[in-house]
Amino acid sequence: MWPLCVISEKLFKMAGDDAGQGPGSPSADYAQIPLARRSYYVDVPHVQQAFTWDCGLACVLMVLRTLGIHCCDGIADLERLCRTTSIWTVDLAYLLNKFSVSFSFFTVTLGANPQYSAESFYREQLQEDIDRVDELFGKALEAGISIQCRSISAYDIAFLLLSGHCIAIALVDKSKLNSSWMNDVHDVQQLSEDSDYMGHYVIICGYDADDCEFEIRDPASSRKRERVTMKSLDEARKSFGTDEDILLVSLTGKSGMKVTRKFLAGSM
11 MWPLCVISEK
21 LFKMAGDDAG
31 QGPGSPSADY
41 AQIPLARRSY
51 YVDVPHVQQA
61 FTWDCGLACV
71 LMVLRTLGIH
81 CCDGIADLER
91 LCRTTSIWTV
101 DLAYLLNKFS
111 VSFSFFTVTL
121 GANPQYSAES
131 FYREQLQEDI
141 DRVDELFGKA
151 LEAGISIQCR
161 SISAYDIAFL
171 LLSGHCIAIA
181 LVDKSKLNSS
191 WMNDVHDVQQ
201 LSEDSDYMGH
211 YVIICGYDAD
221 DCEFEIRDPA
231 SSRKRERVTM
241 KSLDEARKSF
251 GTDEDILLVS
261 LTGKSGMKVT
271 RKFLAGSM
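Next comes the structure, spelled out in structure tokens:
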């Protein structure tokens, strides 16, 4: 079985960067999703977040349970490992790496983007986080984490999901993610009509090519399964503030666990 990074490279070669198209822009033929399988989803166990800030940890826990890694009793264990409540995608990458989960990290910005200081979502924490986040990016390769600075399209994601090789943790602008959960969300996650950017993590675990919809797991929702259109997800993923961060998690590349219950207990 090819590693996810190899599959990704083959995927981008198939898609191509034709003249006149931006990176990650699919050709007309590629947009048809050239697989015999038209619909596929992974039955990811749904985990609800407990607070406004732990959606990313809930997504990591969903990934671990999907892969059959059960040495974490809950989000609190991951919080102890992460040691911060200001969660960035690179924090999630380090967590997955601790559990020897095979994944590919794509982003259009390496490090913390200082331009986000004007966004209300980032304003309070950004100055405190910049050095820590930049250090994590700087040490990523040494830690065994490969970060690719490139954009990937919704069609790229759909192709990989239909191949059955992966699921994804994606950073989205929750105010732009239109799905049924908008009517069934925690009180702590209520959206106002004039919401600015609201960073939020979701699991993308399936795609239906006939309906052009992704299946997701939203930790802010009490519903186990949600579906969003490709257009809605793409807009939410590429909103200013997300850096188009996405972790493509291999379903076949788990090589064992570096984190044990003893390690977790020792970090309390």
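Residue numbers (my numbering): 11 to 278.
We treat Cβ as the ideally placed atom computed from N, Cα and C, and that holds for glycine.
- Just measuring C-alpha positions, the residue of H56, R48, D255, Y51 sitting nearest I162 is D255.
- Closest by C-alpha distance to L243, out of K149, F113, V182, D64, is V182.
- I177 and M208 have their C-alpha atoms roughly 22 angstroms apart.
- A distance of 8 angstroms or more separates the beta carbons of L187 and A150.
- Under the 8 angstroms Cβ criterion, the stretch 104-115 counts as touching the stretch 81-94, having at least three qualifying pairs.
- Taking the Cβ atoms as the reference, F250 lies roughly 20 angstroms from M240, outside the contact range of under 8 angstroms.
- Listed as beta-bridge partners of R237 by DSSP are E225.
- The Cβ atoms of Y165 and C65 lie no closer than 8 angstroms to each other.
- Within the stretch 41-112, the runs of beta strand (DSSP E) that reach at least 3 residues and sit entirely inside it are, in chain order, 49-51.
- One alpha carbon belongs to A122, the other to I157, and they sit about 14 angstroms apart.
- Where A178 is concerned, the enclosing beta strand (DSSP E) starts and stops at 176-183.
- Under the 10 Å beta carbon count, G148 is surrounded by fewer than 16 other beta carbons and is classified as exposed.
- Shown here, L257 sits in a strand according to DSSP, grouped into three states.
- Counted as a single uninterrupted DSSP element, the beta strand (DSSP E) harbouring I213 occupies residues 209-218.
- Residue range 157-159 is occupied by the beta strand (DSSP E) that includes I157.
- Leaving aside the five residues that flank V111 on each side, the residues in its chain whose CB is nearer than 7 angstroms to its CB run, in chain order, V73, L77, V259, K264.
- Between the beta-carbon of L170 and that of Y50 there is about 10 angstroms, and that puts the pair past the 8 angstroms contact cut.
- Burial state of R48 is exposed, judged by a 10 Å Cβ sphere holding fewer than 16 other Cβ atoms.
- In the same chain as L146, and ignoring 5 residues on each side of it, the C-beta atoms closer than 6 angstroms to its own belong to V100, in chain order.
- In this model, V52 and L88 are separated by some 23 angstroms (Cα to Cα).
- Judged by DSSP secondary structure, S232 falls outside any alpha helix (DSSP H); it is assigned neither H nor E.
- Under a 10 Å Cβ-count criterion, K184 is classified as buried, with 16 or more other Cβ atoms of the shown protein chains found around its own Cβ.
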